[in-house]
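J.: Pasting a structure below so you can have a look.
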Amino acid sequence: MNADTEHPNRLTPEPDAPSEPIHPELPTDPAEDAGSLSHVPVLADEVIQALAPAPGRVFVDGTLGGAGHTGLLLAAGATVYGIDQDPFALDRARAANHAGLHVLRGNYRDMVALLAGAGVTQVDGILLDIGVSSFQLDDTGRGFSYHTEAPLDMRMSQSGESAADVVNSYDEEDIAAIIYEYGEDRLSRRIARGIVYAREKAPIETTVQLADIVKRAYPGFSKGIHPARRTFQALRIHVNDELGALRDGLQAAETLLAPGGRLAVISFHSLEDRIVKRFLLGSEVLSPLTKRPVIASEAEQATNPRARSAKLRSAERVGAA
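Once you know that position 297 of the sequence shown is 297 in the UniProt record's numbering, the rest is easy, because the numbers rise by one and skip nothing.
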C-alpha cells in the first residue's frame, strides 16, 4: 500500500483539529470495558423476539463467538449453523458439543458458499453480532486492547496482515486515512506522523507501544477515555476488513433467507449501524421490522457494559426467494 494507491470510498484526513468526535453520537468502544466482561450475549431477549426461533427452524449465527446467542436459539429447538473465522471460538464451540449446532469455519461474508457446502440453500433466520467478541477482548495475547501489553496483532482469523504490519510498513498518508475513516479521529495526521517517527527508531511491536505513541499526539491528556481507542478501532476494522465483510454479509443474507425469514444485526458503532440502516432501507426484499434501532435497557447496560453501545436492527424477507 502506498501513497499513490487510490482508495474509493476512503475519506481524506482533515487538517489537525481539536479532538472532539466527528460524530458526537459515536458510542464508547466496548474495549473500554474489556477487563470487566464475561461472555453475556447482548440484547438477548430482543434478538429472540426479532428472530422468533422454534423447533424445526434453521438459523445462521454468522458471528458465533462464545455461542451465547446460539445457545438461546438452540434452547428454542432450532438448528443453528454457527460461522466464525476465529479458530479459538470454533474450538470452544466444538468442545461444548451442543446438540443441533453445526460449526463452520470461515467469514460470514461467505455464508452462501459455506452453507451450500453443508447442503443448505435457505434458512429461517440470520444473526450477525458485528465486531470484536468478548472472548477476543479478554484474551490479552490477541492485541485488541490497549490496556494490557500484548503483541500488536488484532487478526480475528489469526492469518494475514496484522496491525503491526500496518503501522510498520504503510505510508504515513495511508495510516492517517485509516485512522480518520475507521476511527473518525481528527488528529489522524498527527497520530500517523508520530507512528512513522517512532518506527524509524524501532519497530512498533506491542499494544502499549502504540497506545503511548497515540497518547503523545494528544497534548494535555491526563484522564478519561484513552485517546488510543479510536486508533485501535480503526486498525482492527482495517486488518479484518470488517465493514467490507458487513456489506457482503448483508447481501448474502438476502440470498439465504427464505420468504418470511428474519435478519437481526447488532452493531456497536455508527460506522456499522449506518451501513446496516442504509442497506435495509435500500433493499427490495428485506423489510425493516422497526423504524429505529433497538437499544439495551438501562438494567442490561448496568449489568453488561458491552450492551451500552449495542444497536439492533432487524428485517423480514418479503416476496419470493
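We put the beta carbon where it would ideally sit given N, CA and C, even for glycine.
Taking DSSP as the reference, what is the three-state secondary structure of Leu-280?
T.: Reading the sequence shown from its first residue, position 280 is the one you call residue 280. Of the three classes helix, strand and coil, the one that applies to Leu-280 here is helix, per DSSP.
J.: Glu-184 to Gly-77, Cα distance in whole Å?
T.: In the sequence shown, the residue the question calls residue 184 occupies position 184. In the sequence shown, the residue the question calls residue 77 occupies position 77. So the alpha carbons of these two residues sit roughly 42 Å apart.
J.: Can you list, in chain order, the stretches of the alpha helix (DSSP H) that have 4 or more residues and sit fully within the segment 215-272?
T.: Runs found: 228-239, 242-256.
J.: Can you give me the C-alpha to C-alpha distance between Leu-312 and Val-265, rounded to a whole angstrom?
T.: Taking the sequence shown and counting its residues from 1, one reaches residue 312 at position 312. Taking the sequence shown and counting its residues from 1, one reaches residue 265 at position 265. Cα to Cα, the separation comes out at about 6 Å.
J.: Assign Gln-233 to one of two classes, buried (16 or more other C-beta atoms within 10 Å of its C-beta) or exposed (fewer than that).
T.: Translated into the one-based positions of the sequence shown, residue 233 becomes position 233. So Gln-233 ends up on the buried side.
J.: Counting only the same chain and skipping the five closest in sequence on each side, list residues whose C-beta sits under 8 Å from that of Glu-254.
T.: Counting from 1 along the sequence shown, the entry for residue 254 is found at position 254. Excluding positions up to five away in sequence, the list reads Ser-283, Val-285, Leu-286, Arg-317.
J.: Could you tell me which residues DSSP puts in a beta bridge with Glu-300?
T.: Counted from its first residue, the sequence shown places residue 300 at position 300. Note: Glu-300 sits in no beta bridge, so no partner.
J.: Output yes or no for whether 7 Å exceeds the beta carbon distance between Val-123 and Leu-289.
T.: Locating residue 123 in the sequence shown gives position 123, where the first residue counts as 1. Locating residue 289 in the sequence shown gives position 289, where the first residue counts as 1. For Val-123 and Leu-289, no; Cβs fall outside 7 Å.
J.: Looking at C-beta atoms only, is the number of pairs between the segment 261-277 and the segment 44-54 that lie closer than 8 Å three or more?
T.: The answer is yes - the segment 44-54 touches the segment 261-277, with three or more Cβ pairs under 8 Å.
J.: Among the residues of its own chain, which have a CB less than 6 Å from the CB of Gly-319, if the five just before and after it don't count?
T.: Position 319 of the sequence shown, counted from the first residue, corresponds to residue 319. So the qualifying residues of the chain are Val-285.
J.: In angstroms with no decimal places, state the Cα-to-Cα distance between Pro-55 and Gly-100.
T.: Walking along the sequence shown from the start, residue 55 turns up at place 55. Walking along the sequence shown from the start, residue 100 turns up at place 100. The straight-line gap from Cα to Cα measures roughly 11 Å.
J.: Go to Arg-317, then tell me how far its alpha helix (DSSP H) extends in each direction, as first and last residue.
T.: For the purposes of this step, residue 317 is identified with residue 317 of the sequence shown, where counting begins at 1. Unbroken run through Arg-317 is the beta strand (DSSP E), 311-317; no alpha helix (DSSP H).
J.: Mind listing, in chain order, the continuous beta strand (DSSP E) runs of no fewer than 3 residues lying wholly within the segment 141-182?
T.: Listed in chain order, nothing qualifies, since the segment 141-182 has no complete beta strand (DSSP E) run of 3 or more residues.
J.: Cα separation between Thr-231 and Leu-280?
T.: Translated into the one-based positions of the sequence shown, residue 231 becomes position 231. Translated into the one-based positions of the sequence shown, residue 280 becomes position 280. So the two alpha carbons sit approximately 29 Å from each other.
J.: In this structure, how does DSSP classify Leu-51 when only helix, strand and coil are distinguished?
T.: Counting from 1 along the sequence shown, the entry for residue 51 is found at position 51. Residue state, collapsed to three classes: helix.
J.: Are there three or more Cβ pairs, one per stretch, closer than 8 Å when the segment 195-202 is compared with the segment 240-250?
T.: Short answer: they don't touch.
J.: Give me the residue from Ala-302, Pro-259, Ala-150, Gly-68 with the minimum Cα distance to Ala-211.
T.: Numbered from its first residue, the sequence shown carries residue 211 at position 211. Taking only the C-alpha atoms, the option nearest Ala-211 is Ala-150.
J.: Judging by CA-CA distance, which residue of Thr-121, Ala-113, Ala-116, Arg-109 is the nearest neighbour of Leu-128?
T.: Position 128 of the sequence shown, counted from the start, is the residue given in the question as residue 128. Nearest C-alpha to Leu-128: Arg-109.
J.: Between which residues of its own chain and Gly-194 is the CB-CB distance below 8 Å, once the five residues before and five after are set aside?
T.: Mapped onto the sequence shown, residue 194 falls at position 194. So the list reads Ile-213, Val-214, Arg-216, Ala-217, once near-sequence residues are dropped.
J.: Using DSSP bridges, identify the partner residues of Asp-124.
T.: By 1-based counting over the sequence shown, the position of residue 124 is 124. Note: Asp-124 sits in no beta bridge, so no partner.
J.: In the DSSP assignment, what residue or residues form a beta bridge with Ser-287?
T.: One-based indexing of the sequence shown puts residue 287 at position 287. Glu-316.
J.: Determine the extent of the beta strand (DSSP E) in which Gly-82 is found, giving its start and end residues.
T.: Position 82 of the sequence shown, counted from the start, is the residue given in the question as residue 82. Its beta strand (DSSP E) spans residues 79-84.
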